[in-house]
Each structure stands twice: as structure tokens, then as C-alpha cells.
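All letters in the sequence shown, in the order written, are residues 8 to 187 by the working numbering. Cβ atoms here follow ideal geometry from the backbone N, Cα and C, with glycine treated the same way. All of these numbers come straight from a predicted model, not from anything done at the bench. The structure under discussion appears below in the form of C-alpha cells.
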Amino acid sequence: MKNSNNDGFDQHYNAQAAVEQDSFLIVATTLSNHPNDQAEAIPTLDAIPLALGKPKAGALDNGYFSATNIAAMEARDIEPYIATGRTPHHPSWLAYFAQQPTLPPADASPKVHMAYKLQTEIGGAIYRLRKCTVEPVLGIIKDILGFRQFSLRGLWAAAGEWCLVCLAFNLKRLHTLTMG
Numbered sequence: 008m009k010n011s012n013n014d015g016f017d018q019h020y021n022a023q024a025a026v027e028q029d030s031f032l033i034v035a036t037t038l039s040n041h042p043n044d045q046a047e048a049i050p051t052l053d054a055i056p057l058a059l060g061k062p063k064a065g066a067l068d069n070g071y072f073s074a075t076n077i078a079a080m081e082a083r084d085i086e087p088y089i090a091t092g093r094t095p096h097h098p099s100w101l102a103y104f105a106q107q108p109t110l111p112p113a114d115a116s117p118k119v120h121m122a123y124k125l126q127t128e129i130g131g132a133i134y135r136l137r138k139c140t141v142e143p144v145l146g147i148i149k150d151i152l153g154f155r156q157f158s159l160r161g162l163w164a165a166a167g168e169w170c171l172v173c174l175a176f177n178l179k180r181l182h183t184l185t186m187g
């Protein structure tokens, strides 16, 4: 991947995890060498084992936003909730009391339709769950488990390492769930 610090290329990977909302268990993992997340949503959703069922909805941050991802999720009967841009961390109190937005015209762009969907009460509630579902899991992997870089090289080897890290997280989580 292109290194953001200089003009060179380094061996980096783009790790993905699908997390179940109630248990915080990782249900699917993928790893690629793509520099951004736009091409990662569908492979990660497709990695969810059929035995677990299909998610009803998927909440993804703005790095995944594309009309292609929206259409692919809808084709799989998964309701997409994908941010269309960065949202402020601390919105003003006016944002909480704003009136519901008006429905966009039918010929509006997918970005306009998604922005409307996320401004609705249900859309906002579902998208907010992403911040307290997948983000804490990734934070625990980085800060508690201490996983900040791959030890193995090559896409297949690093993908196996990522699976082991996610398995370690799930074992730790299962222990917590069974003890409480």
C-alpha cells in the first residue's frame, strides 16, 4: 500500500471484522491489501457463515460509502446504513431537536437518499449502534490485546494471523459472557 508518510510503498493490510451487536462477538473477518474500505463491505458480509444467518441491517462508516455497496447490500436483503461523510463527535443540542428532514425526490442521488435515511430517527439510532459495537471491539484488539501490527508477511499468512487475533478476542469475550 502507498505509505501516507512518504512517497514509498509499504507492506500494509486492511483488516475487517463483522461484529454481532448483542454479544460483541466477531462473526466474520477479512483481510486485503486495498488502501481504502470501499471494496471491503461485501466480502466481509459474504464471509459471515450461513449457519449464523443473514444480518437484517449493516451500519458502516463513511469509508465504505458507495452506490455499489448500497445496491449490493440491498440485493442481499441487508438494509444499509452507511455514513455519507464525517459526523461531528459532539453535535450541538440543536441537532437533537431538529425537525425530521423532508423526503428527497425519487431521482436524488444515492448519497442524498442515504443522508436522509441516517437523519431519520430509526436510521440515526441504528447508525449510532455502530460506534458502540464494532469500534470497542477494534479498540480492545489494539489496546487490551496489544495487536498493532502483523508478525507474518504475505496476504494469506497475515489473514491467518488476523483470524487468530479475532479468535483470541472471541475467546476472551466468551469467557466474559459465561462468567456474568
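query	result
Outcome for L152 when other beta-carbon atoms lying within 10 angstroms are tallied against a minimum of 16	exposed
Of the residues G15, F31, N10, S73, the one placed nearest R137, counting alpha carbons only	F31
Buried versus exposed, by CB contacts within 10 Å (16 or more), N76	buried
Status (buried if at least 16 other CB within 10 Å, exposed otherwise) for Q23	buried
Candidates G70, N40, V26, D44: closest to P56 by CA position	V26
Residue interval of the beta strand (DSSP E) (run including N76)	Counting along the chain, N76 falls outside any beta strand (DSSP E), though it belongs to the alpha helix (DSSP H) covering 74-82.
Residue-chain proximity (I148, chain C), Cβ-Cβ < 8 Å	Protein chain content of the structure displayed is limited to a single chain, and chain C is not contained in it.
Own chain, CB closer than 6 Å to T91, minus 5 neighbours either side, in chain order	F72, K118, M121, A122
Beta-carbon proximity list for G130, same chain, < 7 Å, skipping 5 on both sides	Y88, K124
Range covered by the alpha helix (DSSP H) that runs through T36	Premise fails: T36 lies in the beta strand (DSSP E), 33-39, not in any alpha helix (DSSP H).
CB-CB length for L38 against A165, believed under 8 Å	6 Å
Buried versus exposed, by CB contacts within 10 Å (16 or more), W169	buried
Exposure label - A66; buried when at least 16 CB within 10 Å	buried
Where L125 sits in the DSSP three-state scheme	helix
G131, DSSP secondary structure in three states	helix
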